[in-house]
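Below you'll find the structure, written out as structure tokens, and then a few comments.
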Amino acid sequence: DKYRGIAVGDPLCKLHANLVGRRLTKVCEDNGLRAARQAGCRHGFGTEHHLLTLRDLI
């Protein structure tokens, strides 16, 4: 009565969502389903390239 059960539902759901997200991202990247100019929320991309391009255009 003094012990509680261990809740593993939430961490397992987060792990599953993370795995599915990684697989979808890889499929999209490998098949060119994302716009080449899209840099937001992409691993290895940042705003620096866009800022340098903007600076060069100005």
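Per UniProt numbering, residue 1 is the first one in the sequence shown, and the count goes up by one each step. For glycine and all other residues, C-beta sits at the position ideal for the given N, C-alpha and C.
Three-way DSSP call (helix, strand, coil) for His-43 in this model = Looking at His-43 - three-state DSSP - the assignment turns out to be coil, as it is neither helix nor strand.
Alpha carbon of Leu-19 to alpha carbon of Arg-4, nearest angstrom | The straight-line gap from Cα to Cα measures roughly 29 Å.
Helix or strand or just coil, what does DSSP make of Gly-9?
-> If DSSP states are grouped into helix, strand and coil, Gly-9 belongs with the helices.
Do the CB positions of Asp-36 and Gly-46 come within less than 8 Å of each other?
-> Residue identity differs from the one stated: residue 36 is Ala in this sequence, not Asp. Going by beta carbons, Ala-36 and Gly-46 fall outside the 8 Å limit.
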